[in-house]
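K.L.:
Following this message is one structure expressed as structure tokens.
The following block contains the structure:
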């Protein structure tokens, strides 16, 4: 199982996508229907291979967790693979794999996702399993305690015992003014320790209900077949209470001044520089230019930051740029790992200079075209797998509020102009909208006489 977090794999040097100017992402045909209990279905027929993907997204993530109970959505990602009324421990995984399938789950701020890919003649199995955990999960003391320890160990491995791991949580907390997003999906140790089975059962009854879920079925299936099976396996499950909406997010960009924090990391051998800028949610018109900006700054060896910091100045071992996909306000990241002996201040100056240069001098059409081709190539590749197509249908339904945009979104990227790129950089990559996090190895922090925030505090 895994929680979903942009930047969890930091400093991955992204391979330059092959030009795809002549390629277009083929459209995804789909039909939708809703059961009387509010459970939504999106069905995509693809008879090219005898495979089906069944993806269930519950509209609950870390943003919906009550105060003092952070990590519940991620805990449930694990709990739903455990016992139900008709399944013993380990049977869910065993049944899917013995049928030749794969399965997993992910958690983000906005949703929790579960997915299986199986031979299409086993679609009944996938739908029965999903109905089992939607309606008949066994929230026992033993299951709860076991999975809580698994989640705590995952936090230790991914965050507390990972160089720079804590700094990403510090960055997001410092940069974020939207309360539902100011804690990490993996949760805190204190909140996990304080949780009880009664808390878990209440969370399950509140959020894991048909009217808070959407199921995408993609692959070698027929719509009438899926409708019949949907009613058979899910029609009996009662509708739950309607979920209260999250509070309205504050406007972005925030322009109240730069925020800075230094983090002491006992596991790091090398400093790390991070800058983060608040940006609007994924459905906002400006996100198209911002997404292309991440490519211009940091995707591939021909990107601006790689050319300047890694190749020309030899100041950095690696760079990373990216942004996260959320319904509400997100963050745009620029990250660099300095070469040995290069002051962190030098890294910061070079990155800021590249941002200012882009705003001052603009973006050549050929450079923007390359970024668009990289994005197009990724979308074309994603249309080759039914699992990726299922995820795309979910993405546009949840983050854009309109599943139909799955077939029109590329046009919006293609329409972005160099002037819009510059305007997005000027508007959002402003110093007053910036959060700077500098990670120093513990010994270097002590030598510098700094008083940094210790990781894990």
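In the working numbering, the protein residues as written are 5 to 461.
Where a beta carbon is used, it is the ideal one built from N, C-alpha and C, also for glycine.
By Cβ distance below 6 angstroms, which residues in the same chain neighbour residue 261 in space, the five residues on each side in sequence not counted?
P.N.:
Here residue 261 refers to the residue found at position 257 when the chain shown is read from its first residue. Closer than 6 angstroms at the Cβ level, and outside the excluded window around residue 261, lie 436.
K.L.:
Can you have a look at residue 81 and say buried or exposed, based on whether 16 or more other CB atoms are within 10 angstroms of its CB?
P.N.:
If you number the chain shown from 1, residue 81 lands on position 77. It counts as buried.
K.L.:
What do you reckon, are the CB atoms on residue 122 and residue 56 nearer than 9 angstroms?
P.N.:
Taking the chain shown and counting its residues from 1, one reaches residue 122 at position 118. Taking the chain shown and counting its residues from 1, one reaches residue 56 at position 52. Taking 9 angstroms as the Cβ cut-off, residue 122 and residue 56 qualify as a contacting pair.
K.L.:
Does the pairing of the stretch 154-170 with the stretch 184-197 give three or more beta-carbon distances under 8 angstroms?
P.N.:
Taking 8 angstroms as the limit for Cβ pairs, the verdict is that the stretch 184-197 does touch the stretch 154-170.
K.L.:
How far does the alpha helix (DSSP H) with residue 299 in it extend, from its first residue to its last?
P.N.:
Here the question's residue 299 lines up with position 295 in the chain shown. That run of the alpha helix (DSSP H) goes 291-302.
K.L.:
Can you tell me which of the three DSSP states residue 73 falls into?
P.N.:
Numbered from its first residue, the chain shown carries residue 73 at position 69. Residue 73: coil per DSSP, three-state reduction.
K.L.:
Helix, strand or coil for residue 61, going by three-state DSSP, please let me know.
P.N.:
For the purposes of this step, residue 61 is taken as the residue at position 57 of the chain shown. DSSP places residue 61 in strand when its eight states are reduced to three.
K.L.:
May I have the straight-line CA-CA distance separating residue 257 from residue 295, to the nearest angstrom?
P.N.:
Sequence index remark: in the chain shown, residue 257 carries index 253 (1-based). Sequence index remark: in the chain shown, residue 295 carries index 291 (1-based). So the alpha carbons of these two residues sit roughly 16 angstroms apart.
K.L.:
In its own chain, which residues sit with a C-beta less than 8 angstroms from the C-beta of residue 411, not counting the 5 before and 5 after it?
P.N.:
Position 407 of the chain shown, counting from 1, holds the residue named residue 411. Counting only Cβ-Cβ distances below 8 angstroms, and skipping sequence neighbours, we find 31 and 32.
K.L.:
Please list, in chain order, all residues of the same chain as residue 144 whose beta carbon is under 8 angstroms from its beta carbon, the five residues on each side excluded.
P.N.:
On the chain shown, residue 144 is found 140 positions in, with the first residue counted as 1. If we look at residue 144 and ignore the five residues flanking it on each side, its Cβ neighbours are 87 and 201.
K.L.:
Closest to residue 318 by C-alpha separation, out of 329, 301 and 342, would be which residue?
P.N.:
By 1-based counting over the chain shown, the position of residue 318 is 314. Among 329, 301 and 342, the Cα nearest to that of residue 318 is on 342.
K.L.:
If I measure Cβ to Cβ from residue 188 and keep anything under 6 angstroms in the same chain, skipping five residues before and after, which residues do I get?
P.N.:
Numbered from its first residue, the chain shown carries residue 188 at position 184. Cβ neighbours of residue 188 beyond the five flanking positions: 173.
K.L.:
Please list, in chain order, all residues of the same chain as residue 226 whose beta carbon is under 8 angstroms from its beta carbon, the five residues on each side excluded.
P.N.:
On the chain shown, residue 226 is found 222 positions in, with the first residue counted as 1. Taken in chain order, the residues that qualify are 49.
K.L.:
Sorted by chain position, which residues of the same chain lie with C-beta nearer than 6 angstroms to residue 255's C-beta, five sequence neighbours on each side aside?
P.N.:
Position 251 of the chain shown, counting from 1, holds the residue named residue 255. Same-chain partners within the cutoff: there are none.
K.L.:
Going along the chain, which residues of its own chain have a beta-carbon closer than 8 angstroms to the beta-carbon of residue 90, five neighbours each way excluded?
P.N.:
To locate residue 90, count along the chain shown from 1; it is residue 86. Closer than 8 angstroms at Cβ, skipping near neighbours: 136 and 140.
K.L.:
Spell out a yes or no on whether the stretch 150-157 and the stretch 222-236 are touching, meaning 3 or more CB-CB pairs, one atom from each, closer than 8 angstroms.
P.N.:
Touching, no, given that fewer than three Cβ pairs across the two stretches are closer than 8 angstroms.
K.L.:
Look at the Cβ atom of residue 468, then the Cβ atom of residue 325, and state whether they are nearer than 9 angstroms.
P.N.:
Any property of residue 468 remains undetermined from this structure, which presents the chain solely from 5 to 461.
K.L.:
Using a Cβ-Cβ cutoff of less than 6 angstroms, which residues in the same chain neighbour residue 74 once the five nearest sequence positions on both sides are dropped?
P.N.:
For the purposes of this step, residue 74 is identified with residue 70 of the chain shown, where counting begins at 1. So the qualifying residues of the chain are 187, 191, 192 and 195.
K.L.:
For the pair the stretch 409-426 and the stretch 242-250, tell me if three or more CB-CB distances fall below 8 angstroms.
P.N.:
At 8 angstroms Cβ cutoff, the stretches do not touch.
K.L.:
Residue 334 by DSSP, collapsed to three states: which one?
P.N.:
By 1-based counting over the chain shown, the position of residue 334 is 330. If DSSP states are grouped into helix, strand and coil, residue 334 belongs with the strands.
K.L.:
For residue 108, name the three-state secondary structure that DSSP assigns.
P.N.:
Counted from its first residue, the chain shown places residue 108 at position 104. Reduced to three states, the DSSP call for residue 108 is strand.
K.L.:
Using a Cβ distance threshold of 8 angstroms, determine whether the stretch 385-398 contacts the stretch 346-366, with at least three qualifying pairs required.
P.N.:
Flag = no, the stretch 385-398 and the stretch 346-366 do not touch.
K.L.:
Give the DSSP-derived three-state secondary structure of residue 471 in the structure shown.
P.N.:
There is simply no residue 471 to check, as the chain begins at 5 and stops at 461 in what is shown.
K.L.:
Give the range of the alpha helix (DSSP H) segment to which residue 134 is assigned.
P.N.:
Residue numbering aside, residue 134 sits at position 130 when the chain shown is read from its first letter. Residues 127-139.
K.L.:
Could you check how far apart the C-beta atoms of residue 44 and residue 402 are, in whole angstroms? I think they sit under 8 angstroms.
P.N.:
As a working note, residue 44 is residue 40 in the chain shown. As a working note, residue 402 is residue 398 in the chain shown. Wrong, their Cβ atoms sit about 11 angstroms apart, outside the cutoff.
K.L.:
When the Cα atoms are used, what is the spatial distance from residue 447 to residue 69?
P.N.:
Here residue 447 refers to the residue found at position 443 of the chain shown. Here residue 69 refers to the residue found at position 65 of the chain shown. If you take the alpha carbons of residue 447 and residue 69, they lie about 37 angstroms apart.
K.L.:
If I follow the unbroken beta strand (DSSP E) through residue 159, where does it start and stop?
P.N.:
Counted from its first residue, the chain shown places residue 159 at position 155. That residue, residue 159, is in no beta strand (DSSP E); its alpha helix (DSSP H) goes 145-159.
K.L.:
How is the alpha helix (DSSP H) around residue 417 delimited, first residue to last?
P.N.:
Working through the chain shown from its first residue, we reach residue 417 at position 413. Unbroken alpha helix (DSSP H) run through residue 417: 413-418.
K.L.:
Could you pull the DSSP bridge partners for residue 88 from this structure?
P.N.:
By one-based count along the chain shown, residue 88 stands at place 84. DSSP lists 141 as partners of residue 88.
K.L.:
Report the rounded CA-to-CA distance for residue 291 versus residue 424, giving the unit in angstroms.
P.N.:
Looking up residue 291 in the chain shown gives position 287. Looking up residue 424 in the chain shown gives position 420. If I take the Cα positions, the gap works out to 11 angstroms.
K.L.:
Note the first and the last residue of the continuous beta strand (DSSP E) segment covering residue 233.
P.N.:
Looking up residue 233 in the chain shown gives position 229. Counting along the chain, residue 233 falls outside any beta strand (DSSP E), though it belongs to the alpha helix (DSSP H) covering 227-238.
K.L.:
Which residues mark the beginning and the end of the beta strand (DSSP E) in which residue 123 is found?
P.N.:
Looking up residue 123 in the chain shown gives position 119. Residues 116-123.
K.L.:
Can you give me the start and stop residues for the alpha helix (DSSP H) that residue 445 sits inside?
P.N.:
For the purposes of this step, residue 445 is identified with residue 441 of the chain shown, where counting begins at 1. Not the alpha helix (DSSP H): residue 445 falls in the beta strand (DSSP E), residues 438-445.
K.L.:
Leaving out five residues on either side along the sequence, give the residues of the same chain with a beta carbon under 8 angstroms from the beta carbon of residue 376.
P.N.:
On the chain shown, position 372 is the one that residue 376 refers to. Excluding sequence neighbours, residue 376 sits near 296, 417, 418 and 420.
K.L.:
Out of 52, 127, 427 and 119, point me to the one whose CA is closest to residue 237's CA.
P.N.:
Counted from its first residue, the chain shown places residue 237 at position 233. That would be 127, whose Cα lies nearest to the Cα of residue 237.
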